[in-house]
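Novice:
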Amino acid sequence: MKNIRHVLGISGGKDSAALAIYMKDKYPSLNIEYYTCDTGKELDETYELIRNLEIYLGKSIIKLQAAEGSNEAPFDHHLKMYGGYLPSSTSRWCTKKLKLEPFEKFVGSDPVISYVGIRGDEDREGYISRKPNIQSIFPFRRNIWSEDVIRKILANDNISKTVRIFKKITLSPNADRLLEIIKIPLTQNFTQLQKLNLLLETGVKEFNQIVFEYLKSTTYPLSNEVSFELIPNEDNLNRDDIFKILEESGVGVPSYYKKVDFEINDEVGQYSRSRSGCFFCFFQQKIEWVWLYEQHPDLFQKAMEYEKDGYSWNQEETLKDLINPDRIKKIKEDCFKRNLKVAKSKSPFLIDILNEDEGCASCFI
Ligand code: SF4
Numbered sequence: 027m028k029n030i031r032h033v034l035g036i037s038g039g040k041d042s043a044a045l046a047i048y049m050k051d052k053y054p055s056l057n058i059e060y061y062t063c064d065t066g067k068e069l070d071e072t073y074e075l076i077r078n079l080e081i082y083l084g085k086s087i088i089k090l091q092a093a094e095g096s097n098e099a100p101f102d103h104h105l106k107m108y109g110g111y112l113p114s115s116t117s118r119w120c121t122k123k124l125k126l127e128p129f130e131k132f133v134g135s136d137p138v139i140s141y142v143g144i145r146g147d148e149d150r151e152g153y154i155s156r157k158p159n160i161q162s163i164f165p166f167r168r169n170i171w172s173e174d175v176i177r178k179i180l181a182n183d184n185i186s187k188t189v190r191i192f193k194k195i196t197l198s199p200n201a202d203r204l205l206e207i208i209k210i211p212l213t214q215n216f217t218q219l220q221k222l223n224l225l226l227e228t229g230v231k232e233f234n235q236i237v238f239e240y241l242k243s244t245t246y247p248l249s250n251e252v253s254f255e256l257i258p259n260e261d262n263l264n265r266d267d268i269f270k271i272l273e274e275s276g277v278g279v280p281s282y283y284k285k286v287d288f289e290i291n292d293e294v295g296q297y298s299r300s301r302s303g304c305f306f307c308f309f310q311q312k313i314e315w316v317w318l319y320e321q322h323p324d325l326f327q328k329a330m331e332y333e334k335d336g337y338s339w340n341q342e343e344t345l346k347d348l349i350n351p352d353r354i355k356k357i358k359e360d361c362f363k364r365n366l367k368v369a370k371s372k373s374p375f376l377i378d379i380l381n382e383d384e385g386c387a388s389c390f391i
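Structural data, given as structure tokens:
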């Protein structure tokens with residue numbers, strides 16, 4: 027059996043930071059290697075968060091550099107290699123070059139468990155490595171397993187194997203019901219998600235045990251382990267829980283998440299940045315560009331300087347156009363209306379959840 031490594035990527039966002047704290051507190055015996063991929067273009071608040079985390083964790087966060095040996099920031103180094111062609115949501119060379127490649131180099135061919143901070147109130151998967159030696163685990167979700175594992179274990183042609191595994195391991199009081207659910211084949215009217223939810227509602231620990239036993243017959247990294255500490259984990263953490271973890275630990279919430287007032291048509295609106303990542307990230311909303319312009323004018327100026335030779339961060343307008351006073355007014359009015367609508371909805375955090383929906387899991391979790 028090979029020794030497996032446990033790794034956790036710190037993006038600079040709240041969720042991965044909270045996950046690092048959570049894992050240290052809840053699973054202190056796991057020897058986790060914390061790492062971050064530095065683009066050289068993060069906000070100062072991100073670097074401050076990483077320093078605070080290092081103090082809390084009592085160990086260094088390994089800084090992976092995408093352009094080792096270069097005297098330029100990793101982003102600038104690669105921008106040159108791409109002939110000044112700015113990345114965009116349809117051509118995201120930055121994620122590949124600055125995040126994924128350094129991570130895969132760091133891991134090499136070792137079997138690795140990569141802990142990912144996707145929350146229980148999110149509906150996305152995050153980075154799933156295509157490399158077979160990297161297995162993602164999601165401790166904040168009731169379903170800690172990745173989609174590929176779930177697809178395999180719940181496949182109809184796997185039912186008899188799962189039944190055999192189940193009979194070998196479980197003495198749970200819910201055993202009969204779990205066995206009944208396992209035997210139901212997937213159909214158009216009984217989807218994989220429905221089956222998964224039913225199994226989890228009936229017994230999270232038992233389901234995790236079944237998956238773990240199943241993995242032993244595969245080449246997934248966890249097949250190398252005789253036990254796994256997260257099997258009994260029944261947590262399902264949401265956005266509020268994440269803020270609580272950050273605040274109670276003393277690490278703190280990065281200040282760019284804090285809402286700042288702005289005036290519009292004699293009313294008071296609020297804006298902030300909704301995620302970590304490069305200060306010029308093309309995934310940010312228009313109101314976040316306005317936030318950058320008004321709260322960090324020096325960084326906005328630097329973002330503008332990248333726009334040349336016909337390249338711009340937004341397809342439909344340049345940053346110079348975006349800071350036209352009429353345009354800023356319109357963006358603030360739209361933001362104000364959107365916030366009002368959200369305030370009337372059930373969740374005060376809906377706007378943030380919507381903002382988080384789009385984007386790059388490697389940069390923003
Ligand atoms: S934060 Fe945005 S610009 Fe920076 S690497 Fe990630 S996707 Fe690219």
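With the sequence shown counted from 1, adding 26 to any position gets you our numbering.
Backbone N, C-alpha and C define an ideal beta-carbon position, used for all residues, glycine too.
(1) Would you list, in sequence order, the uninterrupted beta strand (DSSP E) runs of no fewer than 3 residues that lie entirely inside the region 69-133?
(2) Leaving out the 5 sequence neighbours to the left and right, which residues in its chain are closer than 8 Å to Ser186 when beta-carbon positions are compared?
(3) Does the Cβ-Cβ distance between Gln91 and Asp64 come in under 8 Å?
(4) Tell me which residues share the same chain as Ile191 and place their Cβ nearer than 7 Å to its Cβ, disregarding the 5 neighbours each side in the sequence.
(5) Using only alpha-carbon positions, find the residue among Leu212, Ile313 and Ile144 that is nearest to Asn262.
(6) Any idea if Ser338 is buried or exposed, counting beta-carbon neighbours within 10 angstroms, 16 or more meaning buried?
(7) According to the neighbour-count rule (16 or more other Cβ atoms, all chains shown, within 10 Å of its Cβ), is Pro247 buried or exposed?
(8) As a quick exercise: from Ile179, Tyr111 and Leu318, pick the residue whose alpha carbon is nearest that of Lys209.
(9) Could you check if Tyr73 is buried or exposed, using at least 16 other CB atoms within 10 Å of its CB as the buried criterion?
(10) Does the region 115-127 come into contact with the region 220-231, if we say contact requires no fewer than three beta-carbon pairs (one atom in each stretch) closer than 8 Å?
(11) Taking the C-alpha atoms as reference points, what is the distance between Leu380 and Lys312?
(12) If distances are taken between C-alpha atoms only, which option among Asn169, Ile268 and Lys367 comes closest to Ala43?
(13) Taking one C-beta from the region 269-279 and one from the region 47-54 each time, how about it: are there three or more such pairs within less than 8 Å?
(14) How about the region 291-306 and the region 324-331: do they share at least three Cβ pairs that are nearer than 8 Å?
(15) According to DSSP, simplified to helix, strand and coil, what is Ile377?
(16) If you measure between the beta carbons of Ile160 and Val133, is that distance less than 8 Å?
(17) Is Gly303 near the ligand SF4, judged by its Cβ being under 7 Å from some heavy atom?
(18) Could you name the residues that DSSP lists as bridge partners for Gln161?
(19) Count the other CB atoms within 10 Å of the CB of Glu293; is the residue buried (16 or more) or exposed (fewer)?
(20) Who are Tyr297's beta bridge partners in DSSP?
(21) Starting from the N-terminal side, write out each stretch of the beta strand (DSSP E) that is 3 residues or longer and does not extend beyond the region 297-379.
(22) DSSP puts Phe216 in a beta bridge; with which residues?
(23) Please determine whether the Cβ atom of Pro258 lies at a distance below 7 Å from any heavy atom of the ligand SF4.
(24) Measure how close the beta-carbons of Ile163 and Ile139 come, nearest whole angstrom, since I'm counting them as under 8 Å.
(25) Taking Cβ to Cβ, would you say Phe233 is nearer than 8 Å to Leu225?
(26) Indicate the three-state DSSP secondary structure (helix, strand or coil) for Tyr240 in the structure shown.
(27) For a test of your reading of the model: does the CB of Cys361 fall under 7 Å from any non-hydrogen atom of the ligand SF4? Yes or no.
Specialist: Short version:
(1) 88-91
(2) none
(3) yes
(4) Ile236, Glu239 and Tyr240
(5) Ile144
(6) buried
(7) buried
(8) Ile179
(9) Label assigned to Tyr73: exposed.
(10) no
(11) Because the pLDDT of Leu380 is 45, which lies under 50, any placement of that residue in the model is unreliable, and the number read from its coordinates should be weighed accordingly. Each residue's alpha carbon lies about 14 Å from the other.
(12) Ile268
(13) yes
(14) Taking a cut-off of 8 Å on C-beta distances, the region 291-306 touches the region 324-331, as three or more cross pairs fall below it.
(15) Since pLDDT at Ile377 reaches only 46, below the 50 mark, its modelled position is unreliable, and the value read off the structure follows with that caveat. Reduced to three states, the DSSP call for Ile377 is helix.
(16) yes
(17) At least one heavy atom of the ligand SF4 is nearer than 7 Å to the Cβ of Gly303, so yes.
(18) Ile139
(19) exposed
(20) Val286
(21) none
(22) Thr213
(23) no
(24) 6 Å
(25) With contacts defined as CB atoms closer than 8 Å, Phe233 and Leu225 qualify as a contacting pair.
(26) helix
(27) no
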